[in-house]
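Protein chains in written order, with the working numbering: chain Z, 616 to 743; chain U, 111 to 324.
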């Protein structure tokens, strides 16, 4: 009976971790995707000068750096690196007023965020 | 897996042990992997092992499925060649296993059974068994189980309670001034003590203890 309770406890722990992972990752990626889309829209509407959007991208950067620390507990650092790099490049492009490169980078970032959300989520496809 | 060694495990237990060993090294060798990615698969395997054992205990069908059946290799008529082929063994393997068990003459063996864990159990013919006191119709003193009372100078209180004796009894009979002089001490149900002091030869002490049966 004692062993059965211990096993049940382990199963509950694994399930709780799975649910936490699903909720936390989905939440972070959703916010990230939404912020990137907002910046993307602002870049397109800015008609040339995009340097004033530095603060927006820095907010996204700070958000990602803070939440990456928690996501790192459960996921490979290598899987999160492309997002970090892409945000850094987007930030540099905005500061240098590179309109085209910024658009490319924001599109890439949005794709990374969507893919990471799919890869990291607690999904039967990922388990199988 | 309990307290069994590698050679005593069932096949699925050996597989799970090997997988656990492999999984445990992955987060250790790959620094970018978080440790939780090693811990969760291990815990999952522990749960799977528990449920397989539970199914094996409750159902004979699953027991046969996970553990297989023992194979009788030698019968009263001799070596069962078909059984040997089924077990993927050749005669050299069989003779080697029997020699490991101490059997050099095949005609002494009544049954030899290949167990699920790969060991061979042998039942030899009764005329080749060593004589026992019951064969010779001899009266013997009952067997007794020694109980450890002191281990490296430390009293084992559970065993003392089981015997119903105390530290004073031990010190009086061993003539030691403190427990620290006693390396190892056991007592059996007849009151015979095995006393091993530090750096001195052992002694066998007959005490007047007539204690409980344990």
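Glycine included, every Cβ here is placed at the ideal spot set by N, Cα and C.
From a predicted model like this one, the values you see are computed outputs, not experimental measurements.
Quiz item: If contact means a Cβ-Cβ distance below 9 Å, which residues of the segment 676–689 of chain Z contact chain U?
Solution: 687, 688 and 689
Self-check item: Three-state secondary structure (DSSP) of residue 191/U
Solution: helix
Self-check item: Closer than 9 Å to chain A by CB, residue 733/Z
Solution: Looking at the structure shown, chain A is missing, and the protein chains on hand are Z and U.
Exercise. Mind listing the chain Z neighbours of residue 153/U? Cutoff is C-beta to C-beta under 8 Å, in chain order.
Key: 625, 628 and 629
Exercise. Report all residues from its chain with a CB closer than 8 Å to the CB of residue 664/Z; omit the five preceding and five following residues, and keep chain order.
Key: 712
Exercise. Report the partner residues of residue 307/U according to the DSSP bridge assignment.
Key: 292/U
Practice problem: Consider the Cβ of residue 632/Z: report whether some Cβ of chain U lies at a distance smaller than 9 Å. | Solution: yes
Quiz item: residue 722/Z CB to nearest chain U CB: under 9 Å?
Solution: It does not: the Cβ of residue 722/Z has no partner Cβ on chain U nearer than 9 Å.
Exercise. Starting from the Cα of residue 305/U, find the closest Cα among 262/U, 161/U, 201/U and 127/U and give me that residue.
Key: Measuring from the Cα of residue 305/U, the nearest candidate turns out to be 262/U.
Practice problem: Could you tell me whether the Cβ atoms of residue 216/U and residue 184/U are closer together than 9 Å? | Solution: Yes, Cβ-Cβ distance for residue 216/U and residue 184/U is below 9 Å.
Practice problem: Reducing DSSP to helix, strand and coil, say where residue 285/U ends up. | Solution: If DSSP states are grouped into helix, strand and coil, residue 285/U belongs with coil.
Quiz item: Nearest CA to the CA of residue 159/U: which residue from 641/Z, 673/Z, 631/Z and 618/Z?
Solution: 618/Z
Quiz item: Should residue 622/Z be flagged as near chain U, meaning a C-beta pair shorter than 9 Å?
Solution: So, interface residue.
Quiz item: Which value, in whole angstroms, describes the spacing of the CA atoms of residue 651/Z and residue 678/Z?
Solution: The C-alpha of residue 651/Z lies about 12 Å from the C-alpha of residue 678/Z.
Quiz prompt | Sheet register partners of residue 181/U (DSSP bridge) | solution = 224/U
Self-check item: Same chain only: Cβ atoms within 6 Å of residue 695/Z, ignoring 5 sequence neighbours per side
Solution: Excluding positions up to five away in sequence, the list reads 683.
Quiz prompt | Minimum C-alpha distance to residue 627/Z - residue among 124/U, 157/U and 136/U | solution = 157/U
Quiz item: What's the gap between the Cα of residue 71/U and the Cα of residue 254/U?
Solution: The structure shown does not extend to residue 71/U, since chain U is modelled only from 111 to 324, so the question has no answer here.
Quiz item: DSSP beta-bridge partners for residue 313/U?
Solution: Beta-bridge pairing by DSSP links residue 313/U to 305/U.
Practice problem: Could you have a look at residue 136/U and say whether DSSP puts it in helix, strand or coil? | Solution: helix
Quiz item: Cβ of residue 315/U within 9 Å of Cβ of residue 283/U?
Solution: A contact, by the Cβ cut-off of 9 Å.
Quiz item: For the segment 157–172 of chain U, which residues have a beta carbon sitting closer than 7 Å to at least one beta carbon of chain Z?
Solution: 157 and 160
Quiz prompt | Exposure of residue 222/U, with buried meaning 16 or more beta-carbon neighbours within 10 Å | solution = buried
Quiz item: Would you say residue 740/Z reaches chain U, if we count a Cβ-Cβ gap shorter than 9 Å as a contact?
Solution: Cβ-Cβ to chain U under 9 Å: no for residue 740/Z.
Exercise. Look at residue 701/Z and residue 671/Z and say whether their C-beta atoms are less than 9 Å apart.
Key: no
Practice problem: Could you confirm whether any beta carbon from chain U is found closer than 9 Å to the beta carbon of residue 617/Z? | Solution: no
Quiz prompt | C-beta neighbour in chain U for residue 646/Z, strict 9 Å | solution = no
Quiz prompt | Nearest neighbour of residue 739/Z, chosen from 621/Z, 637/Z, 623/Z and 616/Z [CA to CA] | solution = Ranking the options by Cα distance to residue 739/Z, first place goes to 637/Z.
Practice problem: Can you tell me which of the three DSSP states residue 688/Z falls into? | Solution: Coil at residue 688/Z, not helix or strand.
Quiz item: Taking C-alpha atoms, which residue in 668/Z, 692/Z and 674/Z lies nearest to residue 710/Z?
Solution: Of the candidates 668/Z, 692/Z and 674/Z, 668/Z places its Cα closest to the Cα of residue 710/Z.
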